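Below you'll find the structure, written out as structure tokens, and then a few comments.
2 protein chains.
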Amino acid sequence: MRASEKAYEALREDIIEWRLLPGAVLGEVEQSERLGVSRTPLREALSRLTAEGLTTAAGGRGVVVTDISLADIDELFELRETLECKAAALAARRGDAALFEQLQKELLDAPGLIGAHDPARHDYYGLVGRLDTAIDAAISNSYLAQAMRSLRIHLVRVRRLAADDAERLTAAAGEHAAIAEAIAARNPRLAEAATTLHLHRSLSHLKATHTAH
Amino acid sequence: MRASEKAYEALREDIIEWRLLPGAVLGEVEQSERLGVSRTPLREALSRLTAEGLTTAAGGRGVVVTDISLADIDELFELRETLECKAAALAARRGDAALFEQLQKELLDAPGLIGAHDPARHDYYGLVGRLDTAIDAAISNSYLAQAMRSLRIHLVRVRRLAADDAERLTAAAGEHAAIAEAIAARNPRLAEAATTLHLHRSLSHLKATHTAH
DNA sequence: TTTGCACTCAGTGTATACAGAAACCGCCAA
DNA sequence: TTGGCGGTTTCTGTATACACTGAGTGCAAA
Numbered sequence: 045m046r047a048s049e050k051a052y053e054a055l056r057e058d059i060i061e062w063r064l065l066p067g068a069v070l071g072e073v074e075q076s077e078r079l080g081v082s083r084t085p086l087r088e089a090l091s092r093l094t095a096e097g098l099t100t101a102a103g104g105r106g107v108v109v110t111d112i113s114l115a116d117i118d119e120l121f122e123l124r125e126t127l128e129c130k131a132a133a134l135a136a137r138r139g140d141a142a143l144f145e146q147l148q149k150e151l152l153d154a155p156g157l158i159g160a161h162d163p164a165r166h167d168y169y170g171l172v173g174r175l176d177t178a179i180d181a182a183i184s185n186s187y188l189a190q191a192m193r194s195l196r197i198h199l200v201r202v203r204r205l206a207a208d209d210a211e212r213l214t215a216a217a218g219e220h221a222a223i224a225e226a227i228a229a230r231n232p233r234l235a236e237a238a239t240t241l242h243l244h245r246s247l248s249h250l251k252a253t254h255t256a257h
Numbered sequence: 045m046r047a048s049e050k051a052y053e054a055l056r057e058d059i060i061e062w063r064l065l066p067g068a069v070l071g072e073v074e075q076s077e078r079l080g081v082s083r084t085p086l087r088e089a090l091s092r093l094t095a096e097g098l099t100t101a102a103g104g105r106g107v108v109v110t111d112i113s114l115a116d117i118d119e120l121f122e123l124r125e126t127l128e129c130k131a132a133a134l135a136a137r138r139g140d141a142a143l144f145e146q147l148q149k150e151l152l153d154a155p156g157l158i159g160a161h162d163p164a165r166h167d168y169y170g171l172v173g174r175l176d177t178a179i180d181a182a183i184s185n186s187y188l189a190q191a192m193r194s195l196r197i198h199l200v201r202v203r204r205l206a207a208d209d210a211e212r213l214t215a216a217a218g219e220h221a222a223i224a225e226a227i228a229a230r231n232p233r234l235a236e237a238a239t240t241l242h243l244h245r246s247l248s249h250l251k252a253t254h255t256a257h
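In the order they appear, the protein sequences are chains C and G.
Just so we're aligned: the first sequence equals residues 45 to 257 in this note's numbering.
Just so we're aligned: the second sequence equals residues 45 to 257 in this note's numbering.
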């Protein structure tokens, strides 16, 4: 793997996992020594992070990890609803019904996954990730897919703020199943509605746990 | 101005103005000599361009200018309609009515600008740009605004393909005026409808002139 | 005591040298 | 004639040295 790639992955993980907190200054020399690469590939990594919005250039004094406020989360979900509703509707028109039927079945069995001994919810998030991937492929619109990918980077970071309690995840799995069902049924409006519902519930849960802290 | 910024602007202009055609290979040494900067800032410029989708990394052999097919234009407008309709609706809810009333008036007078001796349509595009900026500001959603900005980079490039005939520009000015009017009237659904109409007409015109070539 | 200026230093921005990898060309063999 | 293999070459990827800018601090003067 290229050194710049390695540095990028490492820094992104550190930011998403909240090991590097908002406001932290990422000096080029400091980080290049920490990650064992030279300044040139590290600069490239910082450029990518800044372009994605995970860091911001603090004129002259390195880059700092961007903060995420409650207002940001609202904005993020506003865009997310716009993009994902459109994506779900398009997937319902263009997607492979059999694939989404299969995903629906697996999602209905997801409560079993959540109950299992998997602290990181690896299986569950993997399944949800497969639904995302399937939708991305079904919409066959690279620009929309790209916009959703760049959005998900921020969402993963926000997700870490919320308590991943089993109750919410079980409900979320059901909502995801409803989305998959609507797409499999080739019903764009229903897919949109199911997505809207899911996102509103996610946001409510997020805000509830966030304000609790 | 920083050398990397200078290189980025120069390359972006060259690509948008179709001086660097799709498929053109941008070698680091070659371009750094042409633009009078060293390879390091040029690499940063190429990274940004690739992140934005104007170029793609051609594994091992530099980066190449990306092509834009008719299918790409369809995808681009699919995303554009999604984002701009949402933006227009939000602007209608949150925007400053007086500002958009003013813009509407100016847009209704735009046919005068188009008739004037201005081969680059500088005044006209400036006015449309002010409407875009006003909407960006009104939505007060940095993520949505960012998504729209990255989209516009590609759109400017596509616009150069279409013949900027006075007839179409005059009609477009009227459509823009309708959008501004709907926002000023604080009517989200109307703003959305006006935007949908405008984008469909733009796309039709684009396709008509494109297939003519 | 406060304000302004200059000096210092840390850190980025740029250039360049070197290493490694991938593609192209030519040659040889089947 | 064509396919494969190896050398050469040119490119990117990385490291590092140097320059310049901007901020912080300390001292002096009002």
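For glycine and all other residues, C-beta sits at the position ideal for the given N, C-alpha and C.
Remember, predicted model here, so these are calculated numbers, not experimental data.
Residue from the options with nearest C-alpha to residue i
i	options	result
isoleucine 197 of chain G	G:Ala51, G:Met45, G:Ile60 and G:Ser48	G:Ile60
arginine 193 of chain C	C:Glu96, C:Glu236 and C:Leu143	C:Glu96
leucine 65 of chain C	C:Ala229, C:Ser248, C:His249 and C:Leu205	C:Leu205
glycine 67 of chain G	G:Ala101, G:Ala133, G:Ser248 and G:Ala252	G:Ala101
glycine 218 of chain G	G:His244, G:Arg233, G:Leu199 and G:Leu152	G:Leu152
alanine 135 of chain G	G:Ala115, G:Leu93 and G:Ala178	G:Ala178
leucine 123 of chain G	C:Asp58, C:Ala237, C:Cys129 and C:Ile158	C:Cys129
leucine 120 of chain C	G:Asp209, G:Leu250, G:Ala189 and G:Ala215	G:Ala189
aspartate 167 of chain G	G:Ala182, G:Ala181 and G:Glu150	G:Glu150
alanine 222 of chain G	G:Met45, G:Leu90 and G:Gln148	G:Gln148
leucine 70 of chain G	G:Ala47, G:Lys50, G:Arg46 and G:Leu98	G:Leu98
glutamate 145 of chain G	G:Arg174, G:Val109, G:Thr84 and G:Arg87	G:Arg174
arginine 230 of chain G	G:Val108, G:Glu49 and G:Ala131	G:Ala131
alanine 226 of chain G	G:Thr255, G:Leu199 and G:Leu143	G:Leu143
arginine 212 of chain G	G:Ser186, G:Leu234, G:Arg165 and G:Ala191	G:Arg165
valine 200 of chain G	G:Glu57, G:Pro163 and G:Tyr52	G:Glu57
isoleucine 117 of chain C	C:Val202, C:Leu79 and C:Ala215	C:Val202
aspartate 52 of chain G	G:Gly80, G:Ser82, G:Glu74 and G:Arg92	Checking the displayed sequence, the identity of residue 52 of chain G turns out to be tyrosine instead of aspartate. Cα-wise, what sits closest to tyrosine 52 of chain G is G:Arg92.
threonine 240 of chain C	C:Ala216, C:Thr255, C:His254 and C:Ala228	C:Ala216
aspartate 208 of chain C	C:Asp140, C:Thr255, C:Leu114 and C:His249	C:His249
Three-state class that DSSP yields for residue i in the structure shown
i	result
alanine 136 of chain G	helix
threonine 99 of chain C	strand
methionine 45 of chain C	coil
alanine 189 of chain C	helix
arginine 204 of chain C	coil
alanine 164 of chain C	coil
glycine 170 of chain G	helix
isoleucine 197 of chain C	helix
isoleucine 183 of chain C	helix
isoleucine 117 of chain C	helix
serine 82 of chain C	coil
DSSP beta-bridge partners of residue i
i	result
leucine 70 of chain G	G:Val107
Range of the contiguous alpha helix (DSSP H) that encloses residue i
i	result
glycine 156 of chain G	154-159
serine 246 of chain G	232-256
leucine 65 of chain C	First-last for leucine 65 of chain C: undefined, no H or E at that position.
alanine 222 of chain G	210-228
Interfacial residues, the stretch 69-102 of chain G to chain C, with Cβ spacing under 9 Å: Thr84, Arg87, Glu88, Ser91, Arg92, Ala95, Glu96 and Gly97
Residues from the stretch 226-252 of chain G in contact with chain C, defined by Cβ distance under 8 Å: Answer in chain order: no residues at all.
Interface positions of the stretch 121-132 of chain G facing chain C (Cβ-Cβ less than 8 Å), listed along the chain: Sequence-ordered contacts of the stretch 121-132 of chain G with chain C read Glu122, Leu123, Thr126, Leu127 and Lys130 [C-beta pairs closer than 8 Å].
Chain-ordered residues of the stretch 197-214 of chain G with a beta carbon less than 9 Å from chain C: His198
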